[in-house]
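One point on numbering: in numbering that gives the first Met the number 0, the residue at position 87 of the sequence shown is 86, and numbering is uninterrupted. Below is one structure; the comments refer to it alone.
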Amino acid sequence: MTRTNRGFTLLEVMVALAIFATAALALMNTATIQLGNGPLLTERALANYVAHNRMVDIQLDDPFPELGSKKGDSELADRTWYWQQRVVKASDEELRMIEVQVALDRSFDNVLAEVQTYVVNPD
0 MTRTNRGFTL LEVMVALAIF ATAALALMNT ATIQLGNGPL LTERALANYV AHNRMVDIQL
60 DDPFPELGSK KGDSELADRT WYWQQRVVKA SDEELRMIEV QVALDRSFDN VLAEVQTYVV
120 NPD
């Protein structure tokens, strides 16, 4: 007389539940981390917009800007964003490097975005 087993043993079910529980905890942990990073990612994206807007303003004011530094602020998404720009001479006299940094405070302790570009003298 042969006996056919159908279904799972209690041990197999418990092992499967333990694996599922571990995977579910890892998934929940990852989701929590991602949700926690949402506001920071939003701030960085907005700071990038401010930096790129400032870069365009610099180039529209003067295609070959003067050397030096400036600070200022901009309004975006009901917040005040502080920017600082720096224009330095590159290795070639006909090139200038423009750097713009953006932060939420005047001290620039936590720079959220930084954009650099080079411009050539149009003359």
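Where a beta carbon is used, it is the ideal one built from N, C-alpha and C, also for glycine. The model shown is predicted, which means the values in this text are computed figures rather than measured ones.
By the beta-carbon neighbour count (other beta carbons within 10 angstroms, threshold 16), VAL118 is buried.
When C-alpha distances from ASP91 are compared across ASN120, ARG78 and LYS70, the shortest belongs to ASN120. Inclusion of VAL99 and TRP80 in the CB contact set at 8 angstroms is not warranted, their separation being larger than that value. Judged by DSSP in its simplified three-state form, LEU103 adopts coil rather than helix or strand.
ASP72 has TYR81 as its beta-bridge partners, per DSSP. Per DSSP, the continuous alpha helix (DSSP H) segment holding LEU10 begins and ends at 9 to 60. Per DSSP, the unbroken beta strand (DSSP E) holding ALA112 starts and ends at 110 to 119. The C-beta distance from ARG95 to VAL101 rounds to 20 angstroms, too long to fall under 8 angstroms, and the pair is not in contact. Look at GLY67 here: in three-state DSSP terms it is strand.
Your pair LEU45 and LEU75 checks out as a contact, with CB atoms roughly 6 angstroms apart and the cut at 8 angstroms.
In this structure, ARG43 keeps its C-beta atom at 8 angstroms or more from the C-beta atom of LEU103.
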